[in-house]
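Protein chains in written order, with our numbering: chain A, -14 to 319; chain B, -14 to 319; chain C, -14 to 319.
The next block holds one structure in the form of structure tokens; read it before the comments.
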Amino acid sequence: MVEERFYKHLGPLPLIELLDTLDVDIPEGQFGDIQIQNAAPIGQAANADITYLDGKNVAKKSAGCKAAACFVRAGNAHLVGQNNVLALISNQPQADFAKVLGHMYAPLKYGKNGNPSFTNVTPNQGVVIGAGAEIGEGTSIGPNSVIGPGVRIGANCQIGANVVIEFSRLGDGCKIHHGAVLGGTGFGVTPSADGAVDVPHVGSVRLGDHVSIGCNTTIDRAMFGETKIGTGSKLDNLIQIAHNVQIGNNCMFAAFVGIAGSARIGNGVIMGGGVGIPDHISIGDGVTLVAQAGPIRDVPAGETWGGAPATPIREQLRQLSALRKLVKKKPPAK
Amino acid sequence: MVEERFYKHLGPLPLIELLDTLDVDIPEGQFGDIQIQNAAPIGQAANADITYLDGKNVAKKSAGCKAAACFVRAGNAHLVGQNNVLALISNQPQADFAKVLGHMYAPLKYGKNGNPSFTNVTPNQGVVIGAGAEIGEGTSIGPNSVIGPGVRIGANCQIGANVVIEFSRLGDGCKIHHGAVLGGTGFGVTPSADGAVDVPHVGSVRLGDHVSIGCNTTIDRAMFGETKIGTGSKLDNLIQIAHNVQIGNNCMFAAFVGIAGSARIGNGVIMGGGVGIPDHISIGDGVTLVAQAGPIRDVPAGETWGGAPATPIREQLRQLSALRKLVKKKPPAK
Amino acid sequence: MVEERFYKHLGPLPLIELLDTLDVDIPEGQFGDIQIQNAAPIGQAANADITYLDGKNVAKKSAGCKAAACFVRAGNAHLVGQNNVLALISNQPQADFAKVLGHMYAPLKYGKNGNPSFTNVTPNQGVVIGAGAEIGEGTSIGPNSVIGPGVRIGANCQIGANVVIEFSRLGDGCKIHHGAVLGGTGFGVTPSADGAVDVPHVGSVRLGDHVSIGCNTTIDRAMFGETKIGTGSKLDNLIQIAHNVQIGNNCMFAAFVGIAGSARIGNGVIMGGGVGIPDHISIGDGVTLVAQAGPIRDVPAGETWGGAPATPIREQLRQLSALRKLVKKKPPAK
């Protein structure tokens, strides 16, 4: 599932070796010869993989788990045991999984074989292109931009100056303006006994056709899978799109929009400046969010919301009006 | 009107050729020999130019129009016809104009003749300077910065590292801090039958003397004409200034200020962190906007406003006070 | 006090020469032979130093002042005179001090001796490393990043592409993601007769171990002393940390957090997206600030606050609830 286009797969690795530095209760019995193929989320783990179980809905999540081994709290061990998965008892299942994940994959390096000859693109000065990158006909790349190993850029794209694109696939006709960063690691942190641990991100970014990304905007790659922005969507400068966000087609976002992890944005959504979307929220097709809106629950298709916490705009206007009347009724004491 | 210092003018071009890919009702009669010199907004179009008419106040806008041809909705065709302008009937006048504009001008390229020898500046490593750029005495440029073709930088400026400056003129004594981007294309998008279309930006950026621009701040160039920041104005990190914004002298803006297209900001205006200004708003001389303020109409000179939507600060404080009293009066049910 | 690792000390300089371009009332008597060693804040100035006195609490600030000379308003001259400090009468003490400070120190240049050979790091293409920089074992540096003179980076750090790090010390295991800027000059401006004057920043940035800094995030260096981020703290993309901010260990900040000058943030503080902290505020250990919160006074340890201006979250929820009820009671006129 982790793409070898972007990441070097270091497995299979002996389970005993992966557990070497971790503080887990290793179950009794012989398992010194178990080889772990991949690290994957519990719903996607195959027979030879390692995974973890924690958080909400553990019973549902663990149903049908096929992994070879699973980091799990003692109280949940029976759930994975039902599936004949080896339970690795831990007080910090996600942190332990994060560490194993970091041992299992490594991003490809730019290497000495960077800047391979491209017959169809004349990069400007200072451009660095990683091995295995593919760049379509008619695409231009501004000075001092960096294109990571394995990145695929479509035809007739315009890449500005000082841009960084890693772990990404871009369609045709995209414009990535100066200083934008695509494919940076997502902000995923999990607590551990040693403080917060960065969860490795081994996913990628996918842009449709004719997507525009503004200056100094940042689009994080997915933890697993893809962060997606659909065809025709236009993002202004200084926007933040977190890991695993899914954005539909023909959206328009103004500056300082921030969309947190795994939020889902429909087609044709318009967001004013400074709108913030929390993680895992869904915004329906054709929604308009006015500047500085902060929805804290799903917004149904076609609606216009404002305020923080955001409400339908009519409700927002009523609240403001009521507040103004309240003030008028009671003039402040002199 | 579009400056040949920054853009290559590709005209004159035959009108018939410009319309070739567009879905417009071509009027009857012979016009195969009409040559179009420039693409310009309706108020500025000269006799041999192409323009468009749409939006509000179409009667006022079209008065005295001198263009050779004008994209216009069927219902407005009589307005341009009065001036003997050839009406090009379209359901998407601005989108069609945008496409023609893109055919008419091309940004100059860095070209092989980049990094011309400068007798008065010793650029650091990795600096890329486009042909025709002029850099004043005593100006320094940090490593890996990119100065576009035709850019003019005054004397005694300090340009940081990884800066991008294109389509811009800077006065003397300016400081452009690391990662800032000046002259990126503005965020102008217009709907069309094929989804949103980027409107080409063929204007520039002008900074007065002693202007400071913070790290990773972005200043977009104008669609036509100039985005301006007056002498002595100081902008913090991570600020966004959109296309065609006009900022006076001696302003001070804190981080995350965002100013939308064509807003006009007076002299000596102070904005706290996170202030957002909508497009086409005017902020008077000497105004103070407290952190996170979001005015939605013009703010008169000398006033202090806060809140979102912003009001005079006294009104804001009254609203907050009234709200606090309201809560005290009605304790929540247990 | 200003570190020669980062700045060239140009003193001692004759006082008469430093005052040459300033509009100060030079006191009577001979002082042509006074040599000024350093420029320092009044609490830190040693016998041969120059300083300034202005703002609040001037009596307290001036107690025990040891400087050789002090810019001071006429009305406060007696305060410095008590300590046998030469009073330099000025209508703009901080602006005059700022100008002197700029004459006293100059940042080290990258110089021709940039990119010294490192036996322990293989920088990627386009990396520029200033003289005197130290980079620990196992640290990697992405393409086109810029490491300033004297910067010290610990072991096993990951520096992304197009990063700028100047005037900074980083511990071990830090991750600085693409486009981030560490050590940019702070946003310190003081009014003067000639408009706002940038105050030179001659301090630095210090990061503990295992600190993560997101893409295009900016961390300003201190005016004097250090801007600090403690071990294990994790900052998302597009965050702004101003000069002299002190951040504890194991904090987690989401995108668009902005922290103004000299604010103090405890250990284990969590901030949602878009939180803004004014200058000189203290946020206690273990505080949580929800997205878009804007505290305007100190927040005690362990509390959760929201809203702008921020209040304890329970109060915030009560206000929202009261407002909703108020609207329900009075349906809007049709």
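Positions of the beta carbon are idealized from the N, C-alpha and C atoms, including for glycine.
Q: Enumerate, from N- to C-terminal direction, the unbroken beta strand (DSSP E) stretches of 3 or more residues contained entirely within the region 211 to 283 of chain B.
A: 211 to 214
Q | Outcome for Glu42/A when other beta-carbon atoms lying within 10 angstroms are tallied against a minimum of 16 | A | In the sequence under discussion, the amino acid at residue 42/A is Asn, which differs from the Glu named in the question. So Asn42/A counts as exposed.
**Q.** Residue nearest to Phe152/B in terms of C-alpha spacing, selected from Ala30/B, Gly133/B, Val166/B
**A.** Gly133/B
**Q.** For Val166/B, the three-state DSSP class (helix, strand or coil)
**A.** strand
Q: Work out the CA separation of Val149/B and Asn109/A for me, nearest whole Å.
A: 14 Å
Q) Listing by chain order, which chain B residues have their CB less than 7 Å from the CB of Lys213/A? A) Those do not exist, as Lys213/A stays about 17 Å from chain B at its closest Cβ, beyond 7 Å.
Q: Starting from the C-beta of Asp221/B, find all residues in its chain whose C-beta is less than 7 Å away, skip the five residues before and the five after it, and write them out in chain order.
A: Gly199, Phe238, Ala239, Ala240
Q) If you draw a straight line from the alpha carbon of Tyr321/C to that of Gly292/C, how long is it in whole angstroms? A) The question about residue 321/C has no answer here: the residues shown for chain C are numbered -14 through 319.
Q) Assuming Val312/C contacts Gln277/A under a Cβ cut-off of 8 Å, what Cβ separation, rounded to an integer in Å, is found between them? A) Not confirmed; about 20 Å, so no contact.
**Q.** Residues near Lys160/A in its chain [Cβ-Cβ closer than 6 Å; skip 5 each side]
**A.** Gln143, Ser197
Q.
Taking 8 Å as the threshold (C-beta atoms), are Thr170/C and His186/C in contact?
A. yes
Q.
Below 8 Å on the Cβ atoms is my contact criterion, and I expect Val190/B with Arg206/B to pass it. Report the Cβ-Cβ distance as a whole number of Å.
A. 5 Å
Q. Which of the residues in the region 239 to 269 of chain B, read from start to end, lie with their CB under 8 Å from any CB of chain A?
A. Phe241, Gly243, Ala245, Gly259, Gly261, Pro263
Q) Any Cβ of chain C within less than 8 Å of the Cβ of Gln231/B? A) no
**Q.** Buried/exposed call for Asp283/B, threshold 16 Cβ in 10 Å
**A.** exposed
Q: Work out the CA separation of Val260/C and Asn98/C for me, nearest whole Å.
A: Confidence at Asn98/C is low in this model, with a pLDDT of 46, below 50, so its placement is unreliable and no value can be given for it.
Q. Distance, Cα to Cα, Phe56/B vs Tyr90/B?
A. 18 Å
Q | Contacts that Asp39/A makes with chain B (C-beta to C-beta distance below 9 Å) | A | Going along chain B, no residue has its Cβ under 9 Å from Asp39/A, so there is no contact; the nearest lies around 34 Å.
Q: Tell me whether Asn201/A is buried or exposed, calling it buried when 16 or more other Cβ atoms sit within 10 Å of its Cβ.
A: buried
Q: Report yes if the CB atom of Leu(-2)/C is closer than 8 Å to the CB atom of Lys84/C, and no otherwise.
A: no
Q: Classify Glu(-11)/C as helix, strand or coil using the three-state DSSP reduction.
A: coil
Q: Using a Cβ cut-off of 7 Å, pull out every chain C residue sitting near Asp221/B, in sequence order please.
A: Phe172
Q: Kindly indicate which residue of Lys45/C, Ala25/C, Leu71/C, Ile120/C has the alpha-carbon position closest to the one of Gln79/C.
A: Ala25/C
**Q.** Per-residue contacts from Asn129/A into chain B (C-beta, under 7 Å)
**A.** Gly111, Val113, Asn129, Val131
Q: List in chain order: all unbroken beta strand (DSSP E) runs of 3+ residues lying wholly within the region 62 to 149 of chain A.
A: 71 to 74, 90 to 92
Q) Leaving out the 5 sequence neighbours to the left and right, which residues in its chain are closer than 8 Å to Gly215/B when beta-carbon positions are compared? A) Gly193, Val196, Ile232, Gly233, Asn234, Asn235, Cys236, Asn252
Q: Determine contact between the region 62 to 79 of chain B and the region 62 to 78 of chain A, defined as no fewer than three beta-carbon pairs at a distance below 8 Å.
A: no
Q | Test item: CB-CB of Phe82/C and Tyr37/C under 8 Å | A | yes
Q.
Could you pull the DSSP bridge partners for Gln56/B from this structure?
A. For the record, residue 56/B in the displayed sequence is Phe; it is not Gln. Paired residues: Tyr37/B, Leu73/B.
(Q) Can you pull out the residues from the region 71 to 97 of chain C whose beta carbon lies closer than 7 Å to at least one beta carbon of chain B? (A) Tyr95
Q.
So, for Ala33/A: in the same chain, excluding its five sequence neighbours on each side, which residues have a beta-carbon less than 8 Å away from its beta-carbon?
A. Pro(-3), Gln20, Ile21, Gln22, Asn23, Ala53
Q.
Please list, in chain order, the residues of the region 145 to 172 of chain C that have any C-beta partner in chain A closer than 8 Å.
A. Gly145, Ala146, Asn147, Lys160, His162, His163, Gly164
Q) Using the beta-carbon count (16 or more within 10 Å), is Asp39/C buried or exposed? A) buried
(Q) Less than 7 Å between C-beta atoms, sequence neighbours within five positions excluded: which residues of the same chain meet that for Ala62/C? (A) Ala72, Ile74
Q.
Helix, strand or coil, according to DSSP, for Val187/B in the structure here?
A. coil
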